[in-house]
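Right, one structure below, let's go through it.
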Amino acid sequence: MKHISLLLLLFVYAFSYDAFIKPQELKTLLQNKELIILDVGSRESYKKSHIQNAVHVDVSKFSNKSTYSLQSSLRKLGINFDSHIVLYSHNTQKGFLNSSYFAYLCMSHGFENISILDGGYMAWLFENELLTSNIPSFAKKYGNVELKKNSSFFVDSDYLQSALGKVSILDSRSPRHYYGVEKSDSIKAVGHIPHAKSSFYKDKFFTDETLKPTSQLHEIFISGHGLQSDDEIIVYGADIFDASMNWYILYKYMGFKNTKIYEASFFEWGNNSGLPVTRYKWETK
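Quick note on numbering: the working numbering labels position 47 of the sequence shown as 111, and the sequence is numbered without any gaps.
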């Protein structure tokens, strides 16, 4: 049975390659009229240098948008129902997580044709591919994408509290925050949500921000965390941004389609004294 399960997972991997796209693959798509490249790094970095025809997006302006407002913003970017969005950043932690957060926003509203450039801007640069500082002057035609928010993608604190011990929960923060060794900014509590397993999002990538091989991801998520592809999995972080990367890998790349985000994450949970928190203690004799 375990052998069959692994074969099914490998089958899923084979058809989810577009979750992360290599520079060479992106290069072959540059003339594709459905391709839309979005730079989700800082405006300053974008103005200095970016991938040809990439459009800058200030991801912070997409937070807390209504479905209608989000749809309108995507249409202004020329996004159609059949567009292929490729996201990349300039290899900063904030930009890196902007990619997965923006992907989550789109996918939780029904648009899933999204890829993240594996390794980001630096991977493109190392391949000696074309960069420019010119801002695209052409006006994209207003898109026709239609969005509808899907509530099965996320949970709130009430749902999570009722599900403790019944579902798999992953904490995307660093181990120091998970174990309560280090306090997060603007969060009163230290430690983690009961029954959560430590799964730092950075551990899924090499230092150059390229994704680790599927065999290593299998070791982390399946052998390490004991997850199965049909499990209900809830991911959280300090906020939705660091939670979104684990979610993206599980949902989009590995095909674990019952993976959800606790959007308010530990920022809400850890500031509510009425919610339980687990903290490990080290004692010296």
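Cβ coordinates follow ideal geometry from the N, Cα and C atoms, glycine included.
{"Item": "Could you tell me the distance, in whole angstroms, from the CA atom of TYR77 to the CA atom of GLY319?", "Value": "Any reading at TYR77 must be qualified, since the residue scores a pLDDT of 42, below 50, and its modelled position is unreliable; no value is offered."}
{"Item": "With a 10 Å radius around its C-beta and 16 neighbouring C-beta atoms as the bar for buried, classify ASN214 as buried or exposed.", "Value": "exposed"}
{"Item": "Should the stretch 156-173 be called in touch with the stretch 213-232, which here means at least 3 C-beta pairs below 8 Å?", "Value": "yes"}
{"Item": "Can you have a look at LEU234 and say buried or exposed, based on whether 16 or more other CB atoms are within 10 angstroms of its CB?", "Value": "buried"}
{"Item": "Just to confirm, are SER113 and SER197 a CB contact at a threshold of 7 Å?", "Value": "yes"}
{"Item": "Three or more beta-carbon pairs under 8 Å between the stretch 180-194 and the stretch 134-148, yes or no?", "Value": "no"}
{"Item": "Does the Cβ of PHE190 have 16 or more other Cβ atoms within 10 Å, making it buried, or fewer, making it exposed?", "Value": "exposed"}
{"Item": "Measuring only the C-alpha atoms, how far is TYR243 from ILE115?", "Value": "40 Å"}
{"Item": "For the stretch 146-156 and the stretch 102-112, state whether three or more C-beta atom pairs, one from each stretch, are separated by less than 8 Å.", "Value": "yes"}
{"Item": "Quick one: give me the first and last residue of the alpha helix (DSSP H) that ALA167 is part of.", "Value": "157-171"}
{"Item": "Alpha carbon to alpha carbon, how far is SER308 from GLU98? Give it in angstroms, no decimals.", "Value": "25 Å"}
{"Item": "Could you give the first and the last residue of the continuous beta strand (DSSP E) run that contains LEU224?", "Value": "Where LEU224 is concerned, there is no enclosing beta strand (DSSP E), although the alpha helix (DSSP H) it sits in stretches over 221-227."}
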